[in-house]
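This report refers to the structure that appears directly beneath it.
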Amino acid sequence: MYLAGQTALDPAGVVIGDGVVDQFERALSNLLTALRAAGGEPEHLVSLTIYIVDVDDYKHHAPQIGQVWRRLVGARYPAIAGVGVARLWDAEALVEIQGIACLPSGAGAVSDE
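Written as structure tokens, this is what we have:
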């Protein structure tokens, strides 16, 4: 399953979060919500791409970002790439997380009923 890039958008479509750690947490939560809606769980993630506006700031906060990851996902990490970008679609966004998951057979299946 391909998971579209997620930023720190709230339900009203507004980027929230004070700094890269808060925005990472919200973006990851949004990604996990989409994954679970399709019948997946964090352990089904096989690859993530994290687009980062300020790579130095992200690196500086890596320990706190790791804490957020372990709290929301656990100790397992999929293959992850971090990519520095000039800006994201949502101009206020500091990070965007895109993922690929391998769902178990039957998860996310669409019914004809």
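Residue numbers (the working numbering): 1182 to 1294.
For glycine and all other residues, C-beta sits at the position ideal for the given N, C-alpha and C.
- In the structure shown, residue 1286 adopts coil according to DSSP, grouped into three states.
- The alpha-carbon of residue 1222 is positioned some 19 Å away from that of residue 1248.
- Just measuring C-alpha positions, the residue of 1235, 1209, 1186 and 1280 sitting nearest residue 1268 is 1235.
- Restricted to the stretch 1248-1273, the beta strand (DSSP E) segments that are unbroken, complete and at least 3 residues in length are 1260-1265, listed in chain order.
- For residue 1275, the three-state secondary structure derived from DSSP is coil.
- 1204 is the residue among 1204, 1220 and 1219 whose C-alpha sits nearest the C-alpha of residue 1242.
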